[in-house]
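Protein chains in written order, with the numbering used here: chain E, 18 to 278; chain Y, 18 to 278.
Every residue, glycine too, gets a C-beta built ideally from N, C-alpha and C.
These notes concern the structure reproduced below.
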């Protein structure tokens with residue numbers, strides 16, 4: 018891994034920050050370039066990264082170029098910037114965008130998708146983190162895999178179609194679960210009850226699901242088709258939160274159909 | 018708490034088991050009576066409880082009688098058994114059933130609702146567990162509260178209407194979240210991917226939600242109204258899982274309406 022000295026990160030969100038922290042920690046020289054110069058400077062202050070001011074500063078010295086930007090602008094930015102570093106391995110970090118976004122724009126390219134939700138704090142624990150990788154040919158794939166293994170014990174080569182399904186599962190257990198937490202938070206807030214009261218239940222729920230098959234440990238009124246309780250909940254939601262009522266019905270119906278068919 | 022020596026638990030599910038373990042540990046003499054004699058015996062083997070064979074053995078020696086049975090049969094069993102122990106404080110452990118289920122059947126009664134999901138293993142950590150209590154008058158309530166405080170630092174007096182809302186929130190963060198885990202499990206299973214791959218993401222999701230307000234940390238395609246990704250997920254679900262498609266749409270719409278209105 019010695020030949021890899023210079024890495025460019027394009028983007029200045031939380032993925033860019035966490036990768037810059039990681040690469041800096043491992044001794045690489047990191048440059049950062051993003052739309053929002055101030056944000057890049059903030060990342061640089063925490064990571065020793067060097068901030069590029071203009072795209073003209075992107076040179077051909079980088080071994081890896083990471084596109085850590087929103088899915089919707091990856092294609093556009095690859096089009097714009099890949100021309101400046103023809104020898105680099107170009108990578109994006111998206112769960113949904115196909116590797117083919119680099120076709121004809123780059124000779125060596127791939128995907129480096131860490132299966133995690135990133136925030137500013139705390140630093141990410143990379144060691145256990147699954148990193149899903151893909152390369153445009155066997156040699157490139159091997160290089161990306163070796164690099165990823167330097168940080169994580171949990172790297173896996175996954176093609177774009179399969180990655181999309183893992184991303185869907187990730188959306189369900191992260192985005193959807195968080196929205197359910199928000200809805201529970203709201204219900205309690207109306208009665209001045211702190212969300213914290215649910216903490217032991219929330220923790221037990223995930224411990225059980227990670228230990229057993231979630232299919233086997235389902236409980237609750239929908240599972241036992243307890244019409245009385247289901248109706249009381251629905252009556253309350255009809256008055257208080259019609260959006261949550263729709264969620265309540267779709268999940269309860271799905272539970273009923275899973276166990277009573 | 019010295020006057021409390023004898024406790025009767027009616028029921029032989031996981032709540033009955035966990036309460037029997039707790040009371041035995043604290044030195045009370047526990048009797049257990051349930052529909053399924055064999056199950057009662059299994060509980061007795063782990064807890065030193067004494068098993069009653071017939072309802073005629075229910076005497077008036079009990080300080081507390083716990084109805085740890087399904088919501089749908091609480092009223093019926095109170096009707097049947099409360100007559101045998103007129104001096105006891107009768108309690109149920111349900112999140113949804115009103116305290117009034119004991120009206121005219123008992124002089125001293127209330128609710129002892131531990132906000133947790135119970136399994137056979139491991140033993141419950143009661144110390145941090147919220148126990149929601151209610152009594153039919155101030156003195157009884159005080160007795161139940163004192164008893165609950167002996168196990169938990171987190172007891173709270175909550176009236177039946179408010180308890181129903183907390184129960185709804187509990188259904189959302191436990192039953193609904195577990196069903197989402199099952200659905201994510203299924204998606205991965207089809208491609209021979211282990212559910213374990215989501216563990217770091219699942220753990221980070223709950224740590225974030227417990228540290229911040231879930232409303233403020235929402236991410237994902239629905240939040241940023243990323244129509245391209247939403248449609249790709251929906252196309253996949255249309256072919257693979259119509260039930261999950263309905264859940265996907267109801268939650269995504271709710272997220273969109275939360276942040277874009």
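Task: Where residue 94 (chain E) meets chain Y, residues with beta-carbon distance less than 7 Å - done: None at all; the shortest Cβ gap to chain Y is about 16 Å.
TODO: Below 8 Å on the Cβ atoms is my guess for residue 106 (chain E) versus residue 149 (chain E); work out the distance and round it to an integer in Å.
DONE: Between residue 149 (chain E) and residue 106 (chain E) the Cβ distance is about 16 Å, and since that is not below 8 Å, they are no contact.
Open item on the list: Which of the three DSSP states is assigned to residue 139 (chain E) in this structure?
Closed with: coil
Task: C-alpha gap between residue 146 (chain E) and residue 165 (chain E), whole angstroms - done: 10 Å
Task: With 16 other Cβ atoms within 10 Å as the buried cut-off, status of residue 248 (chain Y) - done: exposed
Open item on the list: Report the start-end ranges of each alpha helix (DSSP H) in the segment 244 to 273 of chain Y that is 4 residues or longer and not cut off at the edges.
Closed with: 244 to 257
Open item on the list: Tell me which residues of the segment 178 to 199 of chain E have at least one Cβ-Cβ distance to chain Y shorter than 7 Å, keeping chain order.
Closed with: 179, 181, 182, 183, 185, 186, 187, 188, 189, 190, 191, 192, 193, 194, 195, 196, 197, 198, 199
Task: Contact under 7 Å by Cβ, residue 88 (chain E) with residue 114 (chain E) - done: yes
- [ ] Compare the beta carbon distance of residue 197 (chain Y) and residue 60 (chain E) with 7 Å and say whether it is the shorter of the two.
- [x] no
TODO: On the DSSP bridge assignment, give the partners of residue 106 (chain Y) in chain order.
DONE: Y:81, Y:125
Task: Cβ-Cβ distance between residue 46 (chain E) and residue 29 (chain E) below 7 Å - done: no
Task: Test item: CB-CB of residue 109 (chain E) and residue 80 (chain E) under 7 Å - done: no
Open item on the list: Rounded to whole angstroms, what is the Cα-Cα separation between residue 159 (chain E) and residue 174 (chain E)?
Closed with: 10 Å
Open item on the list: In whole angstroms, give me the CA-to-CA distance for residue 98 (chain E) and residue 224 (chain Y).
Closed with: 37 Å
- [ ] Go through the segment 46 to 79 of chain Y residue by residue and report every complete run of the alpha helix (DSSP H) that reaches 4 residues or more, in order.
- [x] 54 to 64
Open item on the list: Looking only at its chain, what residues have a beta carbon closer than 6 Å to the beta carbon of residue 25 (chain Y), apart from the 5 residues adjacent to it on each side?
Closed with: 48, 79, 82
Open item on the list: Can you check whether the C-beta of residue 216 (chain E) is within less than 7 Å of a C-beta belonging to chain Y?
Closed with: yes
Task: Contacts of residue 127 (chain Y) in chain E (Cβ-Cβ under 8 Å) - done: Ordered by position in chain E, no residue passes the 8 Å Cβ test against residue 127 (chain Y), which lies about 19 Å from the chain.
Open item on the list: Within 10 Å of its beta-carbon, does residue 191 (chain Y) have 16 or more other beta-carbons around it, so buried, or fewer, so exposed?
Closed with: buried
Task: Partners in chain Y for residue 249 (chain E), counting only beta-carbon separations shorter than 7 Å - done: 113, 181
TODO: Could you check if residue 176 (chain Y) is buried or exposed, using at least 16 other CB atoms within 10 Å of its CB as the buried criterion?
DONE: exposed
Task: Test: residue 264 (chain Y) CB closer than 7 Å to a CB of chain E - done: yes
Open item on the list: Restricting to Cα atoms, I'd like to know which of Y:66, Y:50, Y:93 is closest to residue 73 (chain Y).
Closed with: Y:50
Open item on the list: Using a Cβ-Cβ cutoff of less than 8 Å, which residues in the same chain neighbour residue 58 (chain E) once the five nearest sequence positions on both sides are dropped?
Closed with: 68
Open item on the list: Once DSSP output is grouped into helix, strand and coil, what is the label at residue 224 (chain E)?
Closed with: helix
Open item on the list: Distance cutoff 7 Å, beta carbons only. Does residue 227 (chain E) sit that close to anything in chain Y?
Closed with: yes
TODO: Kindly list, in the order they appear in chain E, the residues whose Cβ is closer than 8 Å to that of residue 146 (chain Y).
DONE: 217
- [ ] Please confirm if residue 102 (chain Y) has its CB atom under 7 Å from at least one CB of chain E.
- [x] no
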